[in-house]
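Here is the structure we will look at, set down as structure tokens.
In my numbering, the protein residues as written are 9 to 349.
Take a look at the structure:
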């Protein structure tokens with residue numbers, strides 16, 4: 009084993025840990041975004057990148073200009089009175105976004121050694137994630153400047169999913185290259201094909217969910233936050249499509265999971281992740297039921313979104329794992345020794 013080989017093993021281990029931690033941070037950011045939406049704090053800071061013209065947000069109205077209602081009233085959607093809780097919820101979300109950018113930049117730096125090891129695409133995928141998170145930050149600013157315009161909010165969510173996929177690919181590849189993933193031969197064609205359908209259905213369901221959320225924003229503006237028990241009745245057709253589509257998502261997922269168990273076994277990597285997918289799907293449906301029949305409790309909304317993004321992410325990992333020989337290719341000088349996460 010040469011010294012350069014040792015460097016490659018260490019580089020792979022460092023990269024894998026950074027990629028995993030970055031995925032975790034990104035999910036925390038998604039949770040924070042869900043909290044922002046569920047509490048109506050999306051315009052808690054009506055300007056960007058500052059908040060009420062300050063780098064450190066105000067905590068009381070005395071810290072604002074005397075004419076702040078005239079300056080920011082139009083963007084606050086009628087909620088003219090300053091609300092420090094909503095302001096800081098939005099600001100923490102922005103801080104998490106900045107920290108996520110730093111983590112992805114560190115992941116990019118950790119991918120540089122792969123330029124010299126025959127795995128250049130790992131560096132380029134890391135670079136793509138870094139560029140996209142920068143674009144995501146810009147798009148987040150547009151969410152504010154366009155005052156939560158539905159199409160911009162939806163694009164913001166789609167881009168977050170793309171970044172999640174990129175980072176999960178990088179982690180899964182590095183785990184495979186470092187012998188963390190021990191894959192077995194199976195009927196990959198059938199599982200992979202159904203997996204594409206499952207991921208597509210999950211994506212459609214998430215998009216339908218964003219439509220419901222946009223409709224809910226209009227209902228909230230009309231009825232206010234004190235009328236939570238009446239929100240669902242006012243949502244209209246979008247809600248019923250989203251609710252009914254969940255049945256199809258559930259059935260197809262069960263079919264796919266059963267196929268994975270038969271081909272790979274419950275104890276395999278794919279089998280274990282499939283079990284996790286099943287329980288996350290149950291939790292996602294459960295939080296949906298809570299919102300539909302128990303007055304849309306605030307804690308359920310961010311959890312519902314997080315479970316949806318976590319589910320589609322794990323579905324993507326399963327798809328990668330069962331197609332590992334094709335999509336997780338590695339160079340011989342990297343796959344040398346077992347290591348631990």
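We put the beta carbon where it would ideally sit given N, CA and C, even for glycine.
Any idea what DSSP makes of residue 62, helix, strand or coil? Taking the first residue of the chain shown as 1, we reach residue 62 at position 54. Of the three classes helix, strand and coil, the one that applies to residue 62 here is strand, per DSSP.
Can you name the start and end residues of the alpha helix (DSSP H) that residue 92 belongs to? Counting from 1 along the chain shown, the entry for residue 92 is found at position 84. 92 to 119 is the extent of the alpha helix (DSSP H) around residue 92.
Burial state of residue 234 (16 or more Cβ within 10 Å): Within the chain shown, the letter at position 226 stands for residue 234. Flag for residue 234 reads exposed.
Sequence-distant residues of its chain with Cβ nearer than 8 Å to residue 100 (five each side left out): Here residue 100 corresponds to residue number 92 of the chain shown, with the count starting at 1. The beta carbon of residue 100 is closer than 8 Å to those of 40 in its chain, skipping five residues each way along the sequence.
Nearest-angstrom beta carbon gap, residue 199 and residue 267 [assumed within contact, 8 Å]: In the chain shown, residue 267 corresponds to position 259, counting from 1. In the chain shown, residue 199 corresponds to position 191, counting from 1. About 6 Å separates the two Cβ atoms, so the contact holds.
Alpha carbon to alpha carbon, how far is residue 300 from residue 318? Walking along the chain shown from the start, residue 300 turns up at place 292. Walking along the chain shown from the start, residue 318 turns up at place 310. If you take the alpha carbons of residue 300 and residue 318, they lie about 21 Å apart.
Ignore the nearest five residues each way along the sequence and tell me which others in residue 163's own chain have a CB closer than 6 Å to its CB. Residue numbering aside, residue 163 sits at position 155 when the chain shown is read from its first letter. The beta carbon of residue 163 sits closer than 6 Å to none of the beta carbons in its chain outside the five residues before and after it.
Rounding to the nearest angstrom, what Cα-Cα distance links residue 59 and residue 127 in this structure? As a working note, residue 59 is residue 51 in the chain shown. As a working note, residue 127 is residue 119 in the chain shown. If I take the Cα positions, the gap works out to 42 Å.
From this set, 96, 23 and 24, which residue's C-alpha is nearest residue 47's C-alpha? For the purposes of this step, residue 47 is taken as the residue at position 39 of the chain shown. When each option's Cα is compared against that of residue 47, the closest is 96.
Is residue 74 helix, strand or coil when you go by DSSP? The residue you call residue 74 lines up with position 66 of the chain shown. Three-state DSSP puts residue 74 in coil, outside helix and strand.
What do you reckon, are the CB atoms on residue 105 and residue 174 nearer than 7 Å? Position 97 of the chain shown, counted from the first residue, corresponds to residue 105. Position 166 of the chain shown, counted from the first residue, corresponds to residue 174. No.
I want to check one thing, is the minimum distance from the CB of residue 144 to the heavy atoms of the ligand ADP below 6 Å? Of the ligands one can find in the structure shown there are none, so the ligand ADP has no counterpart to examine.
Is it right to say residue 73 is buried, meaning 16 or more other beta carbons lie within 10 angstroms of its own, or is it exposed? Taking the first residue of the chain shown as position 1, residue 73 is located at position 65. With fewer than 16 other CB atoms across the displayed protein chains lying within 10 angstroms of its CB, residue 73 is exposed.
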